[in-house]
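Just so you know, the working numbering puts 293 at position 293 of the sequence shown, and the rest follows in order with no gaps. Heads up, the thing below is written out as structure tokens.
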Amino acid sequence: MNPQKIKISDYDYPLTDDRIAKFPLARRDASKLLLYRHGEIGEDVFCHLPEYIPKGSLMVFNNTRVIRARLLFRKATGALIEVFLLEPFLPADYERVFQTTDCCEWLCMVGNLKKWKEGRLERVLKVKGQEVTLTAERLGEHHTSQQVRFTWTGGCSFADVIEAAGQLPIPPYLNRDTCESDLTTYQTVYSKIKGSVAAPTAGLHFTDEVLAQLDACGVEREEITLHVGAGTFKPVKSEEIAGHEMHTEYISVHRSTLQRLIDHGAQAVAVGTTSVRTLESLYYMGLRLQQHPELTEQELHIDQWEPYSTEEEIPPVQALQNLVDWLDRNGLSTLNSSTQIIIAPGYEYKIVKMLITNFHQPKSTLLLLVGALVGERWRDIYRYALDHDFRFLSYGDSSLLIP
Numbered sequence: 001m002n003p004q005k006i007k008i009s010d011y012d013y014p015l016t017d018d019r020i021a022k023f024p025l026a027r028r029d030a031s032k033l034l035l036y037r038h039g040e041i042g043e044d045v046f047c048h049l050p051e052y053i054p055k056g057s058l059m060v061f062n063n064t065r066v067i068r069a070r071l072l073f074r075k076a077t078g079a080l081i082e083v084f085l086l087e088p089f090l091p092a093d094y095e096r097v098f099q100t101t102d103c104c105e106w107l108c109m110v111g112n113l114k115k116w117k118e119g120r121l122e123r124v125l126k127v128k129g130q131e132v133t134l135t136a137e138r139l140g141e142h143h144t145s146q147q148v149r150f151t152w153t154g155g156c157s158f159a160d161v162i163e164a165a166g167q168l169p170i171p172p173y174l175n176r177d178t179c180e181s182d183l184t185t186y187q188t189v190y191s192k193i194k195g196s197v198a199a200p201t202a203g204l205h206f207t208d209e210v211l212a213q214l215d216a217c218g219v220e221r222e223e224i225t226l227h228v229g230a231g232t233f234k235p236v237k238s239e240e241i242a243g244h245e246m247h248t249e250y251i252s253v254h255r256s257t258l259q260r261l262i263d264h265g266a267q268a269v270a271v272g273t274t275s276v277r278t279l280e281s282l283y284y285m286g287l288r289l290q291q292h293p294e295l296t297e298q299e300l301h302i303d304q305w306e307p308y309s310t311e312e313e314i315p316p317v318q319a320l321q322n323l324v325d326w327l328d329r330n331g332l333s334t335l336n337s338s339t340q341i342i343i344a345p346g347y348e349y350k351i352v353k354m355l356i357t358n359f360h361q362p363k364s365t366l367l368l369l370v371g372a373l374v375g376e377r378w379r380d381i382y383r384y385a386l387d388h389d390f391r392f393l394s395y396g397d398s399s400l401l402i403p
């Protein structure tokens with residue numbers, strides 16, 4: 001199958017607004033869990049998930065943390081301008097940009113852009129009891145985003161500034177404002193590394209109790225970081241997916257995690273589609289190094305259609321070993337790169353053997369990813385979920401997919 005020829009209309013299903021969970025359940029692990037195991041469909045409650053993961057399996061979690069990416073400014077004219085942080089530009093590194101203490105630049109989406117043709121936006125806020133003036137200056141267009149320079153007084157970090165000034169972005173399809181409760185419920189309990197503008201929502205069901213139960217059942221855990229971009233909500237507007245451009249997302253994987261994957265035969269249980277995209281991208285990065293061992297981190301970036309145009313194959317363990325060797329040669333302990341990978345029917349999974357994920361929007365690239373794992377049975381899975389009152393999308397219920 002040539003995935004570029006897939007018609008997105010073939011990945012549609014009826015999702016009405018009343019099926020979209022506007023808020024999470026009071027207890028994360030009380031959500032329903034759809035079980036798809038080797039063609040059989042059933043259900044349970046998420047807190048029982050550890051019973052279904054084989055002992056000795058390696059589960060991979062995305063430990064990214066959602067930032068307060070929505071910054072609101074009001075002009076002297078009264079016009080409200082929303083500046084939505086997408087990715088750091090200067091410095092381009094997430095960790096460094098949050099540590100800056102006076103100035104940084106981001107690529108942003110700007111709401112009400114026509115009212116901000118020139119000049120600086122300014123607002124005064126309190127950061128840890130200190131009065132700080134935050135200024136935004138638009139530097140011009142960069143591809144489809146706006147390059148914005150932020151400066152601020154007080155010598156505090158940019159992380160502290162947006163913690164005080166920003167709003168946590170919740171998915172647009174919830175059709176509501178961010179609530180105080182979202183500050184907690186729209187983060188996973190294991191979130192650590194700031195940088196996402198959307199949560200890796202499959203992880204929202206996990207509690208400390210479920211994680212402890214996984215440990216007790218002999219299931220091993222590792223963490224990777226993929227910062228989820230706003231592009232995750234970007235609808236596929238082209239008739240065929242060949243016309244859809246995937247967004248770039250930034251990944252960070254420790255050498256120890258790569259070694260752990262190797263020790264598990266390059267087989268993993270992925271928690272969420274972001275973990276899937278990271279793990280599968282690692283294979284193609286390692287394959288690239290097989291051919292060109294002197295590549296830089298930036299040159300390890302995986303293009304959208306690369307998996308479908310690459311004829312050479314190597315064992316996944318070898319691909320991961322290539323990455324470990326590359327890190328060692330370069331004196332690095334962490335792989336930092338990026339990916340645009342699109343996983344669609346016709347894709348052959350290399351590392352991911354099981355997937356824990358929520359129920360995704362119709363005609364979305366995330367639904368294509370599920371279709372690549374379970375084939376046409378995705379229709380039966382989603383029909384079952386609709387018929388059995390499962391809750392959909394970010395705050396909805398979960399599924400365990402074992403092809």
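For each residue, glycine too, the CB sits at the ideal point set by N, CA and C. In this text the structure is predicted, and so the values were computed from the model without any measurement.
To the nearest angstrom, report how far apart residue i and residue j are at their CA atoms.
i, j, result
"Asn63", "Lys115", "37 Å"
"Thr153", "Val127", "10 Å"
"Thr207", "Val189", "7 Å"
"Phe23", "Asp215", "29 Å"
"Val97", "Lys192", "16 Å"
"Ser238", "Gln361", "16 Å"
"His143", "Glu43", "45 Å"
"Cys217", "His48", "11 Å"
"Gln187", "Phe89", "25 Å"
"Gly243", "Lys7", "10 Å"
"Gly229", "Thr248", "8 Å"
"Leu295", "Glu245", "25 Å"
"Pro409", "Ile342", "Because residue 409 is not part of the residues shown, which for the chain are 1 to 403, the question remains open."
"His38", "Leu401", "9 Å"
"Ile224", "Gly78", "43 Å"
"Gly155", "Asp102", "6 Å"
"Asp93", "Trp378", "37 Å"
"Leu332", "Glu297", "11 Å"
"Asn2", "Tyr347", "9 Å"
"Asn175", "Lys234", "16 Å"
"Ser275", "Ala76", "44 Å"
"Trp305", "Thr16", "32 Å"
Tell me whether the beta-carbon of residue i lies closer than 8 Å to the beta-carbon of residue j.
i, j, result
"Glu95", "Arg149", "no"
"Asp29", "Glu209", "yes"
"Ala266", "Pro307", "no"
"Gln368", "Ile241", "One detail in the question is off: residue 368 reads as Leu in this sequence, not Gln. Closer than 8 Å, so yes."
"Asn112", "Glu82", "yes"
"Leu35", "Tyr52", "yes"
"Ala385", "Pro345", "no"
"Ile202", "Thr357", "One detail in the question is off: residue 202 reads as Ala in this sequence, not Ile. Yes, the pair counts as a contact, with Cβ atoms nearer than the cut-off."
"Ser300", "Arg288", "Reading off the sequence, residue 300 comes out as Leu, not Ser. A contact, by the Cβ cut-off of 8 Å."
"Val404", "Leu58", "The structure shown has nothing for residue 404, since the chain only spans 1 to 403."
"Leu139", "Gln147", "yes"
"Leu320", "Leu335", "no"
"Gly375", "Ala21", "no"
"His205", "Phe46", "yes"
"Ser157", "Leu86", "no"
"Ser399", "Phe359", "yes"
"Glu222", "Thr257", "yes"
"Pro91", "Gln213", "no"
"Phe390", "Lys32", "yes"
For residue i, which of helix, strand or coil comes out of DSSP?
i, result
"Asp208", "helix"
"Glu163", "helix"
"Asn358", "strand"
"Met285", "helix"
"Cys156", "coil"
"Ser238", "coil"
"Lys126", "strand"
"Phe98", "helix"
"Glu280", "helix"
"Ala136", "strand"
"Phe46", "helix"
"Pro88", "strand"
"Leu183", "helix"
"Lys75", "coil"
"Val253", "strand"
For residue i, count the other beta carbons within 10 Å of its own beta carbon; 16 or more makes it buried, fewer makes it exposed. Which is it?
i, result
"Lys117", "exposed"
"Met285", "buried"
"Gly483", "Residue 483 is absent from the model: the chain starts at 1 and stops at 403."
"Val124", "exposed"
"Pro464", "Residue 464 cannot be examined here, being either before or after the span of the chain that is shown, 1 to 403."
"His264", "buried"
"Ala198", "buried"
"Lys363", "buried"
"Ala136", "buried"
"Leu282", "buried"
query = Do the region 162-178 and the region 52-72 touch if we need at least three Cβ pairs shorter than 8 Å?
reply = yes
task = Spell out a yes or no on whether the region 328-335 and the region 347-356 are touching, meaning 3 or more CB-CB pairs, one atom from each, closer than 8 Å.
result = The region 328-335 vs the region 347-356: no contact.
ask   = So, do the region 175-182 and the region 241-256 have three or more beta carbon pairs nearer to each other than 8 Å?
value = no
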